[in-house]
Amino acid sequence: MSPTSSSVMLECKMMPYGKAQFLLIVRDITQLKQLEQIRKDFVANVSHELRTPLTVLQGYLEVMDGEQQPPAAIWQKAHGVMLEQTRRMDSLVQQLLTLSRIEAAARVQFDQEVDVPAMLQLIATEAETLNRDKQHKLHFSIDTTLKVTGAPDELRSAFSNLVTNAIKYTPAGGEIEVSWQRDGQRALFTVTDNGEGIAAHHVKRLTERFYRVDQARARNTGGTGLGLSIVKHVLSRHNSQLLIFSEPGKGSSFSFALPPELVIGVQTPKKRAKF
Ligand code: ADP
């Protein structure tokens with residue numbers, strides 16, 4: 135049984151102490167066991183996620199090897215499926231690398247300026263390409279003067295994941311609003327969609343690695359289940375956190391606020407103390 139947050143696991147050892155006495159050593163190993171379980175689940179998930187596309191590829195390659203060659207139409211379909219599965223593996227490996235890079239990285243150096251408006255301009259262009267099949271109405275409302283400090287690649291990944299998800303998980307013809315604005319002294323990023331929304335019991339698990347509301351559908355959209363866990367990591371490294379509001383049947387809103395000390399031009403007591 136895997137240890138839960140409410141159970142405590144103890145390790146007991148008896149050690150000889152003096153001539154006729156024993157010392158009982160009791161150690162709380164709850165956290166150790168939980169970490170071990172997380173590691174095991176992670177390896178099992180990665181193996182499963184890689185195995186599925188590999189099985190499909192292997193199946194088609196075996197057919198190619200057979201004596202009776204399938205007709206051209208089947209070849210064409212096989213080629214399409216193999217390409218899709220290869221892309222899926224590629225995006226999984228990319229996301230895993232991003233996650234491990236962020237986890238292994240030292241603390242963010244907040245001396246680098248991040249031109250978020252320019253970054254969002256690029257993301258908007260990429261979103262248009264992704265949106266070709268979906269035909270959503272995309273609105274970008276960007277404060278072009280609002281820049282921050284932080285890790286550019288990491289922040290880019292957070293912005294991009296949230297915009298991409300809104301496009302992927304909103305049925306065709308939806309409406310998506312992306313906003314980057316001042317909220318007092320903070321910088322607020324919000325992506326709102328009018329998609330199908332997410333039930334509350336799923337919302338609280340969305341940032342877990344490999345968690346997907348609908349496994350099969352998310353896989354078809356090319357989802358790996360790692361995007362939001364990357365966003366969560368990036369935000370905690372930038373002293374922020376992801377807020378999710380969602381109503382089934384109405385849509386979702388994903389947002390985060392970067393604190394005043396990261397916003398360029400805002401004088402916080404901490405910043406002033408440096409000079
Ligand atoms: P994935 O790579 O599967 O998209 P994420 O970690 O980015 O992984 O998202 C986890 C799950 O959260 C998705 O599989 C999807 O079920 C759900 N989700 C994320 N964004 C939205 C959204 N805007 N609307 C509805 N569901 C969403």
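Last residue of the sequence shown: number 409 in my numbering, and the count goes up by one each step with no gaps. All C-beta atoms in this analysis are idealised placements derived from N, C-alpha and C, irrespective of residue type, glycine included. It should be emphasised that the depicted structure is a prediction, and the values quoted were computed from it without experimental measurement.
Do the CB positions of residue i and residue j come within less than 8 Å of each other?
i: Ser313; j: Ser374; result: no
i: Gln219; j: Leu191; result: yes
i: Leu376; j: Phe388; result: yes
i: Ile236; j: Ile364; result: yes
i: Ser386; j: Ile378; result: yes
i: Ile163; j: Leu184; result: no
i: Val325; j: Ile398; result: no
i: Leu301; j: Asn265; result: Rather than Leu, the amino acid found at residue 301 in this sequence is Ile. In contact: Ile301 and Asn265 (Cβ atoms closer than 8 Å).
i: Leu296; j: Val368; result: no
i: Pro305; j: Thr278; result: no
i: Pro382; j: Ala350; result: no
i: Phe293; j: Leu254; result: yes
i: Gly412; j: Asn299; result: The chain is shown only over 135 to 409; residue 412 falls outside these bounds and no answer can be derived.
i: Gly331; j: Ser291; result: no
Just to confirm, does residue i get its C-beta within under 7 Å of one of the non-hydrogen atoms of the ligand ADP?
i: Ile332; result: yes
i: Asp348; result: yes
i: Asn265; result: no
i: Ala300; result: yes
i: Asn233; result: Reading off the sequence shown, one finds Leu at residue 233, where the question assumed Asn. The answer is no for Leu233.
i: Gly214; result: no
i: Gly383; result: no
i: Gly329; result: yes
i: Asn295; result: yes
i: Leu340; result: yes
i: Gly99; result: There is simply no residue 99 to check, as the chain begins at 135 and stops at 409 in what is shown.
i: Ser386; result: yes
i: Leu362; result: yes
i: Tyr194; result: no
i: Tyr303; result: yes
i: Tyr151; result: no
Compare the C-alpha of residue i against each of the options and name the closest.
i: Asn354; options: Lys147, Thr341 and Pro187; result: Pro187
i: Val400; options: Leu296, Lys153 and Gln319; result: Gln319
i: Arg222; options: Ala240, Thr324 and Val180; result: Val180
i: Val242; options: Glu330, Pro286 and Glu342; result: Pro286
i: Ala321; options: Leu157, Val215, Gly356 and Ala391; result: Ala391
i: Val227; options: Gly357, Leu296 and Trp209; result: Gly357
i: Glu342; options: Gly152, Gly359 and Ile332; result: Gly359
i: Val142; options: Lys153, Tyr345 and Gln165; result: Gln165
i: Gln315; options: Ala178, Arg346 and Pro394; result: Pro394
i: His372; options: Gly284, Tyr345, Leu169 and Phe323; result: Gly284
Which residues share a DSSP beta bridge with residue i?
i: Lys147; result: Ile159
i: Glu247; result: Thr283
i: Glu311; result: His273 and Thr326
i: Val397; result: Val282
i: Arg93; result: Outside the shown range of the chain, which is 135 to 409, sits residue 93, and nothing can be said about it.
i: Glu381; result: Gly385
i: Asp317; result: Arg320
i: Ala87; result: Residue numbering for the chain in the displayed model covers 135 to 409; residue 87 lies beyond these limits and cannot be assessed.
Original post:
Do the stretch 240–251 and the stretch 199–214 meet, that is, are 3 or more Cβ pairs less than 8 Å apart?
Top reply: no
Original post:
Do three or more CB pairs link the stretch 294–314 to the stretch 333–344 at distances below 8 Å?
Top reply: no
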